[in-house]
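Student: In the working numbering, the protein residues as written are 641 to 1112.
Glycine included, each C-beta is placed from N, C-alpha and C at the ideal position.
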C-alpha cells in the first residue's frame, strides 16, 4: 500500500497543467477506484495489472494532458477487465470521463488483420480518428499502446512481431499525424526492435559507438555556443544534445550504404530560447562560432512541416571539424514538436493563451499539409480563451461525412454518412448486395433502411441458395 501511495505521488508530480485541488482530488479518486477494481489481477510480467494503468496515466501526464484525461487513463481498462460497468463509471466520475473510457473500450475492439493492403490499413487509421470524436480518446490509446510496447517482451515470442507490426502500421502514423513526436519516436524504435531485431542491434551499436566517440565534441560545442549566446544577453531555456532515434537512422543508413559518417544529424544540439527573433539571432551566433555547411540550413519556422513542426536546423563543422546539426526553437515550438496536440492543454491551462491570436500568427502551412490538420488549425483559429469551448471543440469529427463499419471478420468498411445495410452489402460485393435479405448491427436485427452508426459490426443475412433439382 505504501508503494502504491508513492506511485500516486510520483504521478501527481508528473502532471504539467496547474494542479488545483479539484484536479488533484479527481486523479486521486480515479487512482483509488481503479486500484480497487483491478485488485488481485496480474499482467504477463507478473506485475500487478494496475501498474499498467499507472504507467498509461504517467505518459499522459508527461505529455501535458489534463486531469480528466489522466483519470480516464487510470480507468481505461476497468469496464473491459473488471465487473464494474461504464454506467458505474458515469455515476462516479460524470459524463465526460465516462465518454472517454467508453471511447477507449470501443477502440479496443478494432484489430489489425494480417493484410498488406494499404487501403485496409488506412481505413483502420481513419476509423480510429473517426470513432474517437474526442481526440483525447486517441491520445489515451496511444499512451496505452506505448506502455504495452515497453513490456512486449513478456508476451509469447510468436505474438511480438504481429503486435509490433500493428503498432507500426496504425499507431505510429496516428502519433505522427497528431504531432506527438516523443511518442512516435519511442513507438518506432520499439517496433523496430521486435520486427527486425538483427538490424536494430546493428544500428544501435553504430549509434552508441558514434555517440560515445563524439560526446566530448558535443559537450565542447554546447559549452562554446552557450557562452557566446549568454554574452549576447539571450536567455537560454535549455541547451542539450540528443541522438537520432534508431528507426529514422536505419532508414537514412539504407539510403547511404550503411555509412554512418554520411549522417549529419546523428547527433544534434537543441537550443530552446524564448522568442522567434531569438531563434534567428542564435542562428547568426552559431554561424559566427562554427562554419555552416552550404545548403544545409532549413527554416521550418517560416515554412513549417506538414504536421506543424517548427524549428531552424543548420549543419555545422563543430570542434575539430566534427559535423553536427544544431536545432533552434522556442519553448512553444518544442512542446508542439514533442507533444503535438497534447501541448495545447499545457498552454491553455497554464497560461490561458489567446489561441485565436496564436494560430493567426503561425503563417500558413505547406501546400502538402495533411487535410485534417488544416481543418484542425482552421477550427482552432476560431477558438478563444474559453477552456470549455476548447474542450467541446475536441469533439470535432475529422471524417464527418464518412462512417466506418466492421465486418464479422474484422475488416473495416468505409461508407458515406447515413449508409444502410444494403449500402454496406454492395460495398463488400455486388453479389452480396443483390442477395441481402436482412442484417444485424452489433448482434441485433435491424431493418434494411437502418442508418449505420460509426464503429458498428454489421452482419449481412443472405438468401438461401436452392439446391439444384435432382441433388436432393
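Cutting at 8 Å between CB atoms, please list the residues of its own chain near residue 963, excluding the five before and the five after it.
Tutor: 904, 933, 955, 956 and 957
Student: Can you list, in chain order, the residues of its chain whose CB lies under 7 Å from that of residue 902, leaving out five sequence neighbours each side?
Tutor: 896
Student: At what residues does the beta strand (DSSP E) containing residue 939 begin and finish?
Tutor: 931-939
Student: For a cutoff of 8 Å on Cβ pairs, would you count residue 684 as touching chain D?
Tutor: No chain D is part of this structure, which consists of one protein chain only.
Student: Can the beta-carbon of residue 1044 be found less than 8 Å from the beta-carbon of residue 1051?
Tutor: no
Student: Report the CB separation of residue 709 from residue 820 in whole angstroms; it is logged as a contact under 8 Å.
Tutor: Going by Cβ atoms, the distance from residue 709 to residue 820 rounds to 13 Å, so no, they are not a contact pair.
Student: Using 8 Å for Cβ pairs, my map puts residue 913 next to residue 865. What's the rounded Cβ distance?
Tutor: 12 Å between Cβ atoms; not a contact.
Student: Between which residues of its own chain and residue 1010 is the CB-CB distance below 6 Å, once the five residues before and five after are set aside?
Tutor: Model confidence at residue 1010 stands at a pLDDT of 38, short of 50, so the residue's coordinates are unreliable; what they give is reported in the following sentence. Closer than 6 Å at Cβ, skipping near neighbours: 946.
Student: Which residue or residues does DSSP assign as beta-bridge partners of residue 913?
Tutor: 970
Student: Mind checking residue 973: buried by the 16 CB within 10 Å criterion, or exposed?
Tutor: buried
Student: Residue 1048: which of 1089, 1075 and 1081 sits nearest, CA to CA?
Tutor: It is 1081 whose Cα lies nearest to the Cα of residue 1048.
Student: Between the region 934-944 and the region 845-854, are three or more C-beta pairs nearer than 8 Å?
Tutor: no
Student: Can you tell me the Cα-Cα spacing of residue 871 and residue 812, whole angstroms?
Tutor: For residue 871 and residue 812, the distance between alpha carbons rounds to 42 Å.
Student: Pairs of beta-carbons, one from the region 879-893 and one from the region 915-930, closer than 8 Å: are there three or more?
Tutor: no
Student: Kindly list the residues whose CB is nearer than 6 Å to the CB of residue 648, restricted to its own chain and excluding five residues on each side of it in sequence; keep chain order.
Tutor: Around residue 648: 671.
Student: Assign residue 1061 to one of two classes, buried (16 or more other C-beta atoms within 10 Å of its C-beta) or exposed (fewer than that).
Tutor: buried
Student: With 16 as the cutoff for other CB atoms within 10 Å, does residue 657 come out buried or exposed?
Tutor: buried
Student: DSSP three-state call for residue 864: helix, strand or coil?
Tutor: helix
Student: Buried or exposed: which applies to residue 696, given that a residue is buried once 16 or more other Cβ atoms fall within 10 Å of its Cβ?
Tutor: buried
Student: Quick one, are the C-beta atoms of residue 824 and residue 816 less than 8 Å apart?
Tutor: Contact check for residue 824 against residue 816 passes: the beta carbons are separated by less than 8 Å.
Student: Determine which residues share a DSSP beta bridge with residue 793 and list them.
Tutor: According to DSSP, residue 793 shares a beta bridge with no other residue.
Student: Ignoring anything shorter than 4 residues or poking outside the region 785-853, list the alpha helix (DSSP H) runs there in chain order.
Tutor: 800-806, 812-817 and 821-835
Student: Could you give the DSSP three-state label for residue 1066: helix, strand or coil?
Tutor: helix
Student: Could you compute how far the alpha carbon of residue 792 sits from the alpha carbon of residue 800?
Tutor: Whole-angstrom Cα-Cα distance: 7 Å.
Student: Which residue comes first and which comes last in the beta strand (DSSP E) that contains residue 1077?
Tutor: 1076-1081 is the extent of the beta strand (DSSP E) around residue 1077.
Student: Quickly, what does DSSP pair residue 1044 with across the bridge? List them, please.
Tutor: 1054, per the DSSP bridge assignment.
Student: Could you tell me whether the region 678-689 touches the region 652-669, where touching means 3 or more Cβ pairs closer than 8 Å?
Tutor: Short answer: they don't touch.
Student: Check for me: the alpha helix (DSSP H) holding residue 886 runs from which residue to which?
Tutor: 886-895
Student: Let me check one thing: in DSSP terms, what residues is residue 923 bridge-paired to?
Tutor: According to DSSP, residue 923 bridges with nothing at all.
Student: Which term fits residue 789, buried or exposed, when burial requires 16 or more other beta carbons within 10 angstroms of its beta carbon?
Tutor: The C-beta of residue 789 has 16 or more other C-beta atoms within 10 Å across all chains shown, which makes the residue buried.
Student: Taking the alpha carbon of residue 1097 as the point to measure from, which residue in 889, 737 and 1064 has its own alpha carbon closest?
Tutor: Nearest C-alpha to residue 1097: 1064.
Student: Just the C-alpha distance for residue 741 and residue 679, rounded to the nearest angstrom, thanks.
Tutor: 19 Å
Student: In angstroms, rounded to a whole number, what distance separates the CA positions of residue 869 and residue 889?
Tutor: 30 Å
Student: From 818, 959, 806 and 775, pick the residue whose C-alpha is nearest to that of residue 1138; which is it?
Tutor: Nothing can be reported for residue 1138, as the shown portion of the chain is limited to 641 through 1112.
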